[in-house]
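*Asks:* Below is one structure. I have some questions about it.
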Amino acid sequence: MWLSPVLLLLILLGYSTASGQITGPVTVSGSEQGSLTVTCHYDPYWTTHKKWWCRGADWGSCVILVMTTGSNQKVKKDRVSIRDYQKKLTFTVTMENLRRDDADTYWCGIEKDGPDHRVKVEVTIVS
């Protein structure tokens with residue numbers, strides 16, 4: 014199987030490419046009471062689609078915490094914010110005032126007809 018150099022680089026850097034349309038870090042760590050930022054990358058076709066961040070080990074039943082509006086506007090809910098940087102083909106999720114119980118499985122996703130594109134991200138919290 015042949016992999017493009019960019020895809021190979023993302024895999025070597027610890028990025029997951031589960032759906033092929035979106036990539037993100039496999040694991041992210043943050044300090045208790047601190048913050049962490051997750052950056053997910055997507056293909057140009059998905060620029061104007063809504064992006065989301067959800068929590069839960071099973072993608073089918075995870076809870077969406079924040080979702081973009083389909084624009085570059087930042088959306089914040091409680092301690093979590095999301096912003097789509099459409100010109101860079103990335104979106105970032107920031108979790109603030111981290112607590113130990115924030116450690117869990119999360120998903121970066123792109124809304125579309127049919128099953129959404131998504132990639133799993135494991136979040137760990139250190140003291």
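Residue 14 is where the sequence shown starts when you use our numbering, and the numbers rise one by one after that.
Cβ atoms here follow ideal geometry from the backbone N, Cα and C, with glycine treated the same way.
Is the Cβ-Cβ distance between Val79 and Lys63 less than 8 Å?
*Replies:* For Val79 and Lys63, no; Cβs fall outside 8 Å.
*Asks:* Taking a contact to mean a Cβ-Cβ separation below 8 Å, would you say Gly37 touches Met108 in this structure?
*Replies:* Contact flag unset, no.
*Asks:* Looking only at its own chain, which residues have a Cβ that is under 6 Å from the Cβ of Leu25, when we skip the five neighbours before and after it?
*Replies:* Low per-residue confidence applies at Leu25: pLDDT is 40, beneath 50, and the placement is therefore not dependable enough to give any value.
*Asks:* Measuring CB atoms only, is the region 44 to 59 touching the region 129 to 137, in the sense that at least three cross pairs come out at less than 8 Å?
*Replies:* Yes: the two stretches touch, three or more of their Cβ pairs being nearer than 8 Å.
*Asks:* Do you know how far the Cα of Thr61 is from the Cα of Ser48?
*Replies:* About 27 Å.
*Asks:* Between Trp120 and Trp72, is the Cβ-Cβ spacing less than 8 Å?
*Replies:* Against a cut-off of 8 Å, the Cβ pair of Trp72 and Trp120 comes out as a contact.
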